[in-house]
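First the structure, in the form of C-alpha coordinates, and then the observations on it.
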(Lines of atoms letter the chains of each structure in order from A and count residues from 1; the text may use other names and numbers.)
(Lines give C-alpha, C1' and ligand atoms only; values in the text may rest on other atoms or scores of the structure.)
Protein backbone atom coordinates (compact mmCIF):
# COMPACT_ATOMS: atom_id res chain seq x y z
CA UNK A 1 0.00 0.00 0.00
CA UNK A 2 1.27 3.47 -0.84
CA UNK A 3 0.22 6.47 1.16
CA UNK A 4 0.91 10.08 0.28
CA UNK A 5 2.67 11.93 3.12
CA UNK A 6 0.71 13.93 5.68
CA UNK A 7 -2.78 12.41 5.28
CA UNK A 8 -4.54 15.32 6.95
CA UNK A 9 -6.98 16.53 4.31
CA UNK A 10 -10.12 14.90 5.71
CA UNK A 11 -9.48 15.47 9.42
CA UNK A 12 -12.49 17.27 10.85
CA UNK A 13 -13.67 18.31 14.29
CA UNK A 14 -17.17 17.20 15.34
CA UNK A 15 -18.80 20.48 14.36
CA UNK A 16 -17.12 20.37 10.95
CA UNK A 17 -18.41 16.83 10.42
CA UNK A 18 -21.95 17.92 11.19
CA UNK A 19 -21.62 20.85 8.78
CA UNK A 20 -20.27 18.54 6.07
CA UNK A 21 -23.22 16.19 6.53
CA UNK A 22 -25.72 19.05 6.39
CA UNK A 23 -24.20 20.36 3.17
CA UNK A 24 -24.64 17.04 1.39
CA UNK A 25 -26.95 17.23 -1.63
CA UNK A 26 -30.23 15.35 -1.95
CA UNK A 27 -28.65 12.36 -3.73
CA UNK A 28 -26.08 11.96 -0.98
CA UNK A 29 -28.65 12.36 1.78
CA UNK A 30 -30.95 9.72 0.31
CA UNK A 31 -28.06 7.26 0.03
CA UNK A 32 -26.87 7.87 3.59
CA UNK A 33 -30.40 7.79 5.02
CA UNK A 34 -31.14 4.51 3.27
CA UNK A 35 -27.82 3.11 4.51
CA UNK A 36 -28.77 4.00 8.08
CA UNK A 37 -32.26 2.56 7.64
CA UNK A 38 -30.75 -0.61 6.21
CA UNK A 39 -28.52 -1.07 9.25
CA UNK A 40 -31.43 -0.40 11.58
CA UNK A 41 -33.88 -2.77 9.89
CA UNK A 42 -31.14 -5.39 9.57
CA UNK A 43 -30.69 -5.43 13.34
CA UNK A 44 -34.44 -5.29 13.98
CA UNK A 45 -34.65 -8.47 11.96
CA UNK A 46 -31.75 -10.05 13.87
CA UNK A 47 -33.40 -9.29 17.22
CA UNK A 48 -36.83 -10.61 16.17
CA UNK A 49 -36.18 -14.28 17.06
CA UNK A 50 -34.27 -13.31 20.21
CA UNK A 51 -36.73 -10.79 21.62
CA UNK A 52 -40.06 -11.34 19.87
CA UNK A 53 -40.11 -15.09 19.29
CA UNK A 54 -38.58 -16.19 22.61
CA UNK A 55 -41.87 -15.94 24.58
CA UNK A 56 -43.72 -17.79 21.78
CA UNK A 57 -41.26 -20.48 20.73
CA UNK A 58 -43.69 -23.12 22.09
CA UNK A 59 -45.91 -22.33 19.07
CA UNK A 60 -43.41 -24.20 16.87
CA UNK A 61 -42.81 -27.11 19.27
CA UNK A 62 -44.70 -30.27 20.19
CA UNK A 63 -46.33 -30.16 23.60
CA UNK A 64 -44.02 -32.85 24.98
CA UNK A 65 -40.73 -31.36 23.77
CA UNK A 66 -37.73 -31.69 26.09
CA UNK A 67 -35.93 -28.65 27.45
CA UNK A 68 -32.80 -29.54 25.46
CA UNK A 69 -34.68 -29.80 22.17
CA UNK A 70 -36.49 -26.53 22.87
CA UNK A 71 -33.13 -24.82 23.40
CA UNK A 72 -31.79 -26.30 20.16
CA UNK A 73 -34.73 -24.91 18.20
CA UNK A 74 -34.41 -21.47 19.75
CA UNK A 75 -30.65 -21.27 19.24
CA UNK A 76 -30.98 -22.76 15.76
CA UNK A 77 -33.48 -20.09 14.76
CA UNK A 78 -30.97 -17.38 15.67
CA UNK A 79 -27.91 -19.24 14.35
CA UNK A 80 -29.53 -19.89 10.97
CA UNK A 81 -29.59 -16.17 10.24
CA UNK A 82 -25.98 -15.69 11.31
CA UNK A 83 -24.84 -18.60 9.12
CA UNK A 84 -26.72 -17.23 6.13
CA UNK A 85 -25.16 -13.77 6.34
CA UNK A 86 -21.63 -14.74 5.18
CA UNK A 87 -23.15 -16.56 2.20
CA UNK A 88 -25.13 -13.45 1.33
CA UNK A 89 -22.01 -11.31 1.66
CA UNK A 90 -20.09 -13.60 -0.71
CA UNK A 91 -22.88 -13.71 -3.29
CA UNK A 92 -24.29 -10.19 -3.18
CA UNK A 93 -20.97 -8.48 -2.44
CA UNK A 94 -19.44 -10.06 -5.54
CA UNK A 95 -22.41 -9.04 -7.68
CA UNK A 96 -22.51 -5.52 -6.21
CA UNK A 97 -18.89 -4.99 -7.24
CA UNK A 98 -19.62 -6.20 -10.77
CA UNK A 99 -23.18 -5.01 -11.43
CA UNK A 100 -23.63 -2.05 -9.10
CA UNK A 101 -24.56 -1.32 -5.50
CA UNK A 102 -28.07 0.00 -6.09
CA UNK A 103 -29.45 -2.96 -8.03
CA UNK A 104 -28.27 -5.46 -5.45
CA UNK A 105 -29.62 -3.47 -2.50
CA UNK A 106 -33.09 -3.54 -4.06
CA UNK A 107 -32.90 -7.31 -4.57
CA UNK A 108 -31.67 -7.99 -1.04
CA UNK A 109 -34.20 -5.72 0.69
CA UNK A 110 -37.07 -7.27 -1.26
CA UNK A 111 -35.76 -10.71 -0.34
CA UNK A 112 -35.42 -10.30 3.42
CA UNK A 113 -38.70 -8.37 3.69
CA UNK A 114 -40.55 -11.20 1.95
CA UNK A 115 -38.92 -13.81 4.20
CA UNK A 116 -39.83 -11.88 7.34
CA UNK A 117 -43.44 -11.53 6.19
CA UNK A 118 -43.59 -15.26 5.43
CA UNK A 119 -42.35 -16.09 8.93
CA UNK A 120 -45.03 -13.83 10.41
CA UNK A 121 -47.68 -15.87 8.59
CA UNK A 122 -46.37 -19.37 9.41
CA UNK A 123 -48.73 -21.91 10.98
CA UNK A 124 -47.50 -23.63 14.13
CA UNK A 125 -46.60 -27.18 15.08
CA UNK A 126 -50.22 -28.03 15.87
CA UNK A 127 -51.20 -27.37 12.24
CA UNK A 128 -48.16 -28.45 10.22
CA UNK A 129 -46.17 -30.64 12.58
CA UNK A 130 -42.40 -30.78 12.14
CA UNK A 131 -42.68 -28.83 8.88
CA UNK A 132 -43.47 -25.65 10.86
CA UNK A 133 -40.16 -25.41 12.79
CA UNK A 134 -38.27 -26.62 9.70
CA UNK A 135 -39.74 -23.76 7.66
CA UNK A 136 -39.02 -21.32 10.47
CA UNK A 137 -35.32 -22.23 10.55
CA UNK A 138 -35.13 -22.44 6.75
CA UNK A 139 -36.69 -19.03 6.23
CA UNK A 140 -34.37 -17.51 8.82
CA UNK A 141 -31.41 -18.98 6.93
CA UNK A 142 -32.58 -17.54 3.59
CA UNK A 143 -33.33 -14.30 5.41
CA UNK A 144 -29.72 -14.21 6.61
CA UNK A 145 -28.49 -14.56 3.03
CA UNK A 146 -30.50 -11.52 1.96
CA UNK A 147 -29.46 -9.56 5.07
CA UNK A 148 -25.81 -10.28 4.31
CA UNK A 149 -26.40 -8.92 0.84
CA UNK A 150 -28.16 -5.82 2.11
CA UNK A 151 -25.29 -4.36 4.10
CA UNK A 152 -22.64 -5.66 1.68
CA UNK A 153 -24.15 -3.48 -1.05
CA UNK A 154 -26.00 -0.79 0.90
CA UNK A 155 -23.22 0.30 3.26
CA UNK A 156 -20.57 0.92 0.56
CA UNK A 157 -23.27 2.75 -1.40
CA UNK A 158 -23.81 5.08 1.57
CA UNK A 159 -20.09 5.70 2.15
CA UNK A 160 -19.40 6.31 -1.54
CA UNK A 161 -22.02 9.07 -1.45
CA UNK A 162 -20.82 10.50 1.88
CA UNK A 163 -18.70 13.69 2.06
CA UNK A 164 -15.25 12.45 3.15
CA UNK A 165 -15.09 14.74 6.18
CA UNK A 166 -18.36 13.24 7.47
CA UNK A 167 -17.46 9.55 7.12
CA UNK A 168 -16.62 9.22 10.83
CA UNK A 169 -19.99 10.68 11.81
CA UNK A 170 -21.80 8.48 9.29
CA UNK A 171 -20.01 5.39 10.59
CA UNK A 172 -21.04 6.20 14.15
CA UNK A 173 -24.65 6.80 13.10
CA UNK A 174 -24.75 3.52 11.18
CA UNK A 175 -23.56 1.50 14.15
CA UNK A 176 -25.83 3.51 16.40
CA UNK A 177 -28.72 2.18 14.36
CA UNK A 178 -28.01 -1.24 15.86
CA UNK A 179 -28.54 0.01 19.40
CA UNK A 180 -31.74 1.82 18.47
CA UNK A 181 -32.99 -1.36 16.80
CA UNK A 182 -32.76 -3.16 20.14
CA UNK A 183 -34.62 -0.31 21.82
CA UNK A 184 -37.33 -0.33 19.14
CA UNK A 185 -38.00 -4.07 19.01
CA UNK A 186 -37.96 -4.33 22.81
CA UNK A 187 -40.53 -1.54 23.14
CA UNK A 188 -42.71 -3.16 20.47
CA UNK A 189 -42.60 -6.53 22.20
CA UNK A 190 -43.32 -4.99 25.61
CA UNK A 191 -46.34 -3.19 24.11
CA UNK A 192 -47.63 -6.35 22.42
CA UNK A 193 -47.15 -8.37 25.61
CA UNK A 194 -49.26 -5.80 27.45
CA UNK A 195 -52.07 -6.33 24.92
CA UNK A 196 -51.58 -10.06 24.42
CA UNK A 197 -49.96 -11.63 27.49
CA UNK A 198 -47.68 -14.62 27.11
CA UNK A 199 -48.12 -17.81 29.08
CA UNK A 200 -48.91 -21.34 28.00
CA UNK A 201 -49.30 -22.52 24.40
CA UNK A 202 -52.88 -21.20 24.32
CA UNK A 203 -51.99 -17.67 25.52
CA UNK A 204 -52.70 -14.73 23.18
CA UNK A 205 -49.05 -13.84 22.58
CA UNK A 206 -48.11 -17.42 21.68
CA UNK A 207 -51.10 -17.82 19.36
CA UNK A 208 -50.96 -14.52 17.48
CA UNK A 209 -49.20 -11.71 19.35
CA UNK A 210 -45.69 -12.73 18.21
CA UNK A 211 -46.74 -12.19 14.58
CA UNK A 212 -47.12 -8.43 15.06
CA UNK A 213 -43.38 -7.63 15.43
CA UNK A 214 -42.54 -9.85 12.42
CA UNK A 215 -45.16 -8.28 10.17
CA UNK A 216 -44.11 -4.84 11.37
CA UNK A 217 -40.50 -5.70 10.51
CA UNK A 218 -41.57 -6.82 7.04
CA UNK A 219 -43.48 -3.58 6.54
CA UNK A 220 -40.42 -1.56 7.52
CA UNK A 221 -38.39 -3.56 5.00
CA UNK A 222 -40.78 -2.79 2.17
CA UNK A 223 -40.71 0.89 3.21
CA UNK A 224 -36.91 0.74 2.93
CA UNK A 225 -37.34 -0.71 -0.56
CA UNK A 226 -39.25 2.42 -1.59
CA UNK A 227 -36.52 4.62 -0.11
CA UNK A 228 -33.75 2.64 -1.81
CA UNK A 229 -35.54 2.93 -5.16
CA UNK A 230 -34.89 6.70 -5.01
CA UNK A 231 -31.16 6.31 -4.32
CA UNK A 232 -28.91 6.76 -7.37
CA UNK A 233 -26.00 4.51 -8.18
CA UNK A 234 -22.63 5.46 -6.74
CA UNK A 235 -20.59 7.77 -8.97
CA UNK A 236 -17.45 6.30 -7.44
CA UNK A 237 -18.46 2.79 -8.54
CA UNK A 238 -19.57 3.93 -11.99
CA UNK A 239 -16.25 5.67 -12.67
CA UNK A 240 -14.10 2.78 -11.41
CA UNK A 241 -12.80 0.12 -13.84
CA UNK A 242 -14.42 -3.22 -13.00
CA UNK A 243 -12.64 -6.52 -12.47
CA UNK A 244 -14.20 -9.82 -13.49
CA UNK A 245 -13.59 -11.75 -10.28
CA UNK A 246 -13.61 -9.58 -7.16
CA UNK A 247 -13.55 -12.60 -4.83
CA UNK A 248 -10.53 -14.03 -6.60
CA UNK A 249 -8.75 -10.68 -6.31
CA UNK A 250 -9.36 -10.72 -2.55
CA UNK A 251 -7.69 -14.12 -2.33
CA UNK A 252 -4.33 -12.91 -3.66
CA UNK A 253 -1.49 -10.59 -2.75
CA UNK A 254 -1.98 -7.52 -0.63
CA UNK A 255 -5.76 -7.74 -0.79
CA UNK A 256 -5.65 -11.13 0.89
CA UNK A 257 -3.55 -9.67 3.70
CA UNK A 258 -5.93 -6.74 3.97
CA UNK A 259 -8.93 -9.05 4.22
CA UNK A 260 -7.19 -11.22 6.80
CA UNK A 261 -6.39 -8.15 8.87
CA UNK A 262 -10.01 -6.94 8.75
CA UNK A 263 -11.27 -10.41 9.68
CA UNK A 264 -8.92 -10.47 12.68
CA UNK A 265 -10.04 -7.03 13.82
CA UNK A 266 -13.75 -7.71 13.33
CA UNK A 267 -13.57 -11.10 15.07
CA UNK A 268 -12.22 -9.25 18.08
CA UNK A 269 -15.03 -6.72 17.99
CA UNK A 270 -17.69 -9.43 17.67
CA UNK A 271 -16.22 -11.36 20.61
CA UNK A 272 -16.15 -8.23 22.74
CA UNK A 273 -19.71 -7.20 21.95
CA UNK A 274 -20.98 -10.77 22.31
CA UNK A 275 -19.47 -10.99 25.79
CA UNK A 276 -21.85 -8.19 26.75
CA UNK A 277 -24.91 -8.35 24.49
CA UNK A 278 -25.38 -12.13 24.59
CA UNK A 279 -24.46 -12.69 28.23
CA UNK A 280 -25.71 -9.65 30.14
CA UNK A 281 -29.47 -10.47 30.13
CA UNK A 282 -28.90 -13.96 31.56
CA UNK A 283 -26.31 -12.66 34.02
CA UNK A 284 -28.69 -10.05 35.45
CA UNK A 285 -31.55 -12.54 35.74
CA UNK A 286 -29.49 -15.23 37.46
CA UNK A 287 -27.23 -13.11 39.67
CA UNK A 288 -29.77 -10.52 40.84
CA UNK A 289 -33.24 -10.86 42.29
CA UNK A 290 -35.06 -8.93 39.59
CA UNK A 291 -37.69 -9.43 36.90
CA UNK A 292 -37.29 -9.88 33.14
CA UNK A 293 -39.16 -6.62 32.57
CA UNK A 294 -36.75 -4.71 34.84
CA UNK A 295 -33.78 -6.24 33.01
CA UNK A 296 -35.31 -5.24 29.68
CA UNK A 297 -35.66 -1.63 30.80
CA UNK A 298 -32.09 -1.61 32.11
CA UNK A 299 -30.79 -2.86 28.77
CA UNK A 300 -32.94 -0.33 26.92
CA UNK A 301 -31.34 2.48 28.90
CA UNK A 302 -27.87 1.02 28.32
CA UNK A 303 -28.46 0.92 24.57
CA UNK A 304 -29.61 4.54 24.49
CA UNK A 305 -26.35 5.52 26.21
CA UNK A 306 -24.44 3.25 23.83
CA UNK A 307 -26.01 4.99 20.83
CA UNK A 308 -24.63 8.33 21.96
CA UNK A 309 -21.27 6.67 22.61
CA UNK A 310 -20.80 5.05 19.20
CA UNK A 311 -21.76 8.28 17.44
CA UNK A 312 -19.19 10.17 19.54
CA UNK A 313 -16.56 7.48 18.88
CA UNK A 314 -17.25 7.64 15.15
CA UNK A 315 -16.76 11.40 15.18
CA UNK A 316 -13.58 11.06 17.25
CA UNK A 317 -12.17 8.71 14.61
CA UNK A 318 -12.36 11.56 12.08
CA UNK A 319 -10.18 13.64 14.40
CA UNK A 320 -7.54 11.23 15.70
CA UNK A 321 -7.95 8.40 13.20
CA UNK A 322 -9.82 5.10 12.99
CA UNK A 323 -6.78 3.00 13.89
CA UNK A 324 -6.08 4.98 17.06
CA UNK A 325 -9.70 4.76 18.14
CA UNK A 326 -9.82 1.00 17.59
CA UNK A 327 -6.56 0.46 19.46
CA UNK A 328 -7.80 2.71 22.25
CA UNK A 329 -11.06 0.76 22.36
CA UNK A 330 -9.17 -2.48 22.96
CA UNK A 331 -7.16 -0.93 25.79
CA UNK A 332 -10.19 0.71 27.42
CA UNK A 333 -12.16 -2.54 27.26
CA UNK A 334 -9.48 -4.44 29.18
CA UNK A 335 -8.22 -1.76 31.57
CA UNK A 336 -11.60 -0.27 32.49
CA UNK A 337 -14.38 -2.39 31.01
CA UNK A 338 -13.22 -5.75 32.33
CA UNK A 339 -12.99 -4.78 36.03
CA UNK A 340 -16.34 -2.95 35.91
CA UNK A 341 -17.91 -6.00 34.27
CA UNK A 342 -16.39 -8.17 37.02
CA UNK A 343 -18.11 -6.03 39.65
CA UNK A 344 -21.47 -6.60 37.93
CA UNK A 345 -20.82 -10.34 37.65
CA UNK A 346 -19.80 -10.55 41.30
CA UNK A 347 -23.35 -9.57 42.34
CA UNK A 348 -22.28 -7.93 45.61
CA UNK A 349 -23.88 -4.60 44.77
CA UNK A 350 -27.49 -3.51 44.70
CA UNK A 351 -29.74 -3.92 41.69
CA UNK A 352 -29.85 -0.18 40.97
CA UNK A 353 -26.06 0.07 41.05
CA UNK A 354 -25.76 -2.99 38.83
CA UNK A 355 -28.15 -1.52 36.27
CA UNK A 356 -26.14 1.72 36.21
CA UNK A 357 -22.90 -0.21 35.71
CA UNK A 358 -24.50 -2.18 32.87
CA UNK A 359 -24.60 1.04 30.85
CA UNK A 360 -20.98 1.74 31.77
CA UNK A 361 -19.94 -1.74 30.59
CA UNK A 362 -21.71 -1.23 27.26
CA UNK A 363 -19.89 2.06 26.75
CA UNK A 364 -16.43 0.76 27.69
CA UNK A 365 -16.60 -2.57 25.86
CA UNK A 366 -18.82 -1.97 22.83
CA UNK A 367 -18.11 1.71 22.15
CA UNK A 368 -15.21 1.02 19.77
CA UNK A 369 -17.72 -0.23 17.21
CA UNK A 370 -18.33 3.42 16.30
CA UNK A 371 -15.25 3.37 14.03
CA UNK A 372 -15.69 -0.14 12.57
CA UNK A 373 -17.96 0.49 9.60
CA UNK A 374 -15.98 3.47 8.31
CA UNK A 375 -12.69 1.65 8.74
CA UNK A 376 -13.76 -1.53 6.93
CA UNK A 377 -15.14 0.38 3.94
CA UNK A 378 -11.96 2.46 3.68
CA UNK A 379 -9.75 -0.64 3.69
CA UNK A 380 -10.84 -1.89 0.26
CA UNK A 381 -10.63 -0.44 -3.26
CA UNK A 382 -13.91 0.36 -5.01
CA UNK A 383 -13.63 -2.61 -7.38
CA UNK A 384 -13.78 -5.05 -4.44
CA UNK A 385 -15.29 -2.90 -1.67
CA UNK A 386 -18.66 -4.64 -1.37
CA UNK A 387 -17.01 -8.06 -1.37
CA UNK A 388 -14.29 -7.06 1.07
CA UNK A 389 -16.56 -5.21 3.47
CA UNK A 390 -19.29 -7.85 3.35
CA UNK A 391 -16.93 -10.78 3.94
CA UNK A 392 -14.91 -8.97 6.59
CA UNK A 393 -18.03 -7.87 8.43
CA UNK A 394 -20.07 -11.09 8.30
CA UNK A 395 -17.58 -13.98 8.09
CA UNK A 396 -15.91 -12.66 11.23
CA UNK A 397 -19.06 -13.37 13.25
CA UNK A 398 -18.93 -17.14 12.69
CA UNK A 399 -16.43 -18.02 15.44
CA UNK A 400 -17.87 -15.53 17.98
CA UNK A 401 -21.36 -16.93 17.32
CA UNK A 402 -20.17 -20.18 18.95
CA UNK A 403 -19.49 -18.36 22.22
CA UNK A 404 -22.04 -20.47 24.11
CA UNK A 405 -19.75 -23.46 23.66
CA UNK A 406 -16.68 -21.48 24.74
CA UNK A 407 -18.48 -20.33 27.87
CA UNK A 408 -19.61 -23.86 28.69
CA UNK A 409 -16.03 -25.12 28.40
CA UNK A 410 -14.62 -22.30 30.50
CA UNK A 411 -17.32 -22.94 33.09
CA UNK A 412 -15.64 -26.25 33.89
CA UNK A 413 -12.46 -24.57 35.10
CA UNK A 414 -13.72 -21.28 36.56
CA UNK A 415 -16.88 -19.71 38.02
CA UNK A 416 -19.37 -19.50 35.15
CA UNK A 417 -20.38 -15.92 35.91
CA UNK A 418 -16.86 -14.76 35.03
CA UNK A 419 -16.38 -16.79 31.84
CA UNK A 420 -17.46 -13.95 29.54
CA UNK A 421 -14.55 -11.86 30.86
CA UNK A 422 -12.16 -14.29 29.17
CA UNK A 423 -13.94 -13.79 25.84
CA UNK A 424 -13.79 -10.03 26.38
CA UNK A 425 -10.02 -10.15 26.94
CA UNK A 426 -9.43 -12.43 23.94
CA UNK A 427 -11.59 -10.18 21.76
CA UNK A 428 -9.68 -7.09 22.86
CA UNK A 429 -6.38 -8.81 22.07
CA UNK A 430 -7.60 -9.71 18.57
CA UNK A 431 -8.89 -6.17 18.03
CA UNK A 432 -5.56 -4.69 19.08
CA UNK A 433 -3.64 -7.13 16.87
CA UNK A 434 -5.86 -6.39 13.88
CA UNK A 435 -5.69 -2.62 14.33
CA UNK A 436 -1.90 -2.74 14.77
CA UNK A 437 -1.45 -4.67 11.51
CA UNK A 438 -3.54 -2.24 9.47
CA UNK A 439 -2.93 1.31 8.22
CA UNK A 440 -4.72 4.53 9.09
CA UNK A 441 -7.61 5.12 6.70
CA UNK A 442 -9.62 8.18 7.65
CA UNK A 443 -8.02 10.36 4.96
CA UNK A 444 -8.26 7.93 2.05
CA UNK A 445 -10.08 9.12 -1.04
CA UNK A 446 -12.49 6.33 -1.95
CA UNK A 447 -12.49 7.50 -5.57
CA UNK A 448 -8.70 7.09 -5.81
CA UNK A 449 -8.42 3.74 -4.07
CA UNK A 450 -7.70 1.26 -6.85
CA UNK A 451 -6.62 -2.31 -7.43
CA UNK A 452 -3.25 -2.30 -9.17
CA UNK A 453 -3.63 -4.77 -11.98
CA UNK A 454 0.08 -5.32 -12.42
CA UNK A 455 0.86 -6.39 -8.88
CA UNK A 456 -2.64 -7.08 -7.60
CA UNK A 457 -1.97 -4.47 -4.95
CA UNK A 458 -4.44 -1.79 -3.82
CA UNK A 459 -3.10 1.73 -4.01
CA UNK A 460 -4.18 3.63 -0.90
CA UNK A 461 -4.23 7.21 -2.10
CA UNK A 462 -4.46 10.08 0.37
CA UNK A 463 -4.67 13.61 -0.94
CA UNK A 464 -2.91 16.55 0.63
CA UNK A 465 -5.68 18.85 -0.54
CA UNK A 466 -9.24 17.71 -0.01
CA UNK A 467 -10.48 20.07 -2.70
CA UNK A 468 -8.80 17.89 -5.30
CA UNK A 469 -11.25 15.07 -4.66
CA UNK A 470 -14.47 14.93 -6.68
CA UNK A 471 -16.25 13.78 -3.51
CA UNK A 472 -14.78 16.29 -1.10
CA UNK A 473 -17.59 18.78 -0.82
CA UNK A 474 -17.10 20.34 2.61
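Residue numbers (the numbering used here): 2 to 475. Glycine is no exception: its CB is placed at the ideal position from the N, C-alpha and C atoms. Just so you know, these numbers come straight off a predicted model, no measurement behind them.
- request: Tell whether a beta-carbon distance below 7 Å holds between residue 334 and residue 296.
  value: no
- request: With DSSP as the reference, label residue 14 as helix, strand or coil.
  value: coil
task: Within its chain, find whatever has a CB closer than 7 Å to the CB of residue 48; leave out the 5 residues flanking it on each side and keep chain order.
output: Once the five neighbours on either side are set aside, the close Cβ partners of residue 48 are 182, 183 and 186.
message: Please report the distance separating the alpha-carbon of residue 72 from that of residue 59.
response: 11 Å
- request: Please go through the same chain and pick out, in chain order, the residues whose beta-carbon is closer than 6 Å to the beta-carbon of residue 310, but skip the five residues on each side of it.
  value: 364 and 368
query: Hey, residue 209 and residue 397: beta-carbon distance below 7 Å or not?
result: no
- prompt: Which class does residue 296 belong to by DSSP, given the choice of helix, strand or coil?
  reply: It is helical.
- request: Could you check if residue 287 is buried or exposed, using at least 16 other CB atoms within 10 Å of its CB as the buried criterion?
  value: exposed
- prompt: In terms of residues, what are the limits of the alpha helix (DSSP H) holding residue 209?
  reply: First-last for residue 209: undefined, no H or E at that position.
message: Does residue 259 pass the burial test, meaning 16 or more other C-beta atoms within 10 Å, or should it be called exposed?
response: buried
task: Measuring alpha carbon to alpha carbon, tell me which of 89, 17, 419 and 166 ends up nearest residue 149.
output: Closest option to residue 149, Cα to Cα, is 89.
query: Quick check: the stretch 220-233 against the stretch 120-136, are there 3 or more CB pairs under 8 Å?
result: Taking 8 Å as the limit for Cβ pairs, the verdict is that the stretch 120-136 does not touch the stretch 220-233.
- request: Flag this pair as touching only if the stretch 190-201 and the stretch 159-179 have three or more C-beta atom pairs under 8 Å; answer yes or no.
  value: The stretch 190-201 and the stretch 159-179 do not touch, with fewer than 3 CB-CB distances between them shorter than 8 Å.
query: In chain order, what residues of the same chain lie with their CB nearer than 7 Å to the CB of residue 121, ignoring the 5 residues before and after it?
result: 212, 215, 216 and 219
- request: Assuming residue 446 contacts residue 165 (C-beta within less than 8 Å), just tell me the rounded distance between them.
  value: 7 Å
- request: Please name the residue in 254, 111 and 143 whose C-alpha comes closest to that of residue 227.
  value: 111
query: Do residue 109 and residue 229 come within 7 Å of each other at the CB atom, strictly closer than that value?
result: By the CB criterion at 7 Å, residue 229 and residue 109 fall outside the cutoff.
field: Reference residue 84, options 413, 427 and 147, closest by Cα
entry: 147
- prompt: Can you tell which of 315, 390 and 407 has the C-alpha that lies nearest to the C-alpha of residue 379?
  reply: Residue 390 is the option with its Cα nearest to residue 379.
- prompt: If we call anything under 7 Å between Cβ atoms a contact, is residue 266 one with residue 436?
  reply: yes
- prompt: Quick one: complete alpha helix (DSSP H) runs, 4+ long, within the stretch 339-412?
  reply: 339-347, 352-367, 373-379, 386-395 and 404-411
message: Using 7 Å as the threshold, is the C-beta distance between residue 359 and residue 303 below it?
response: yes
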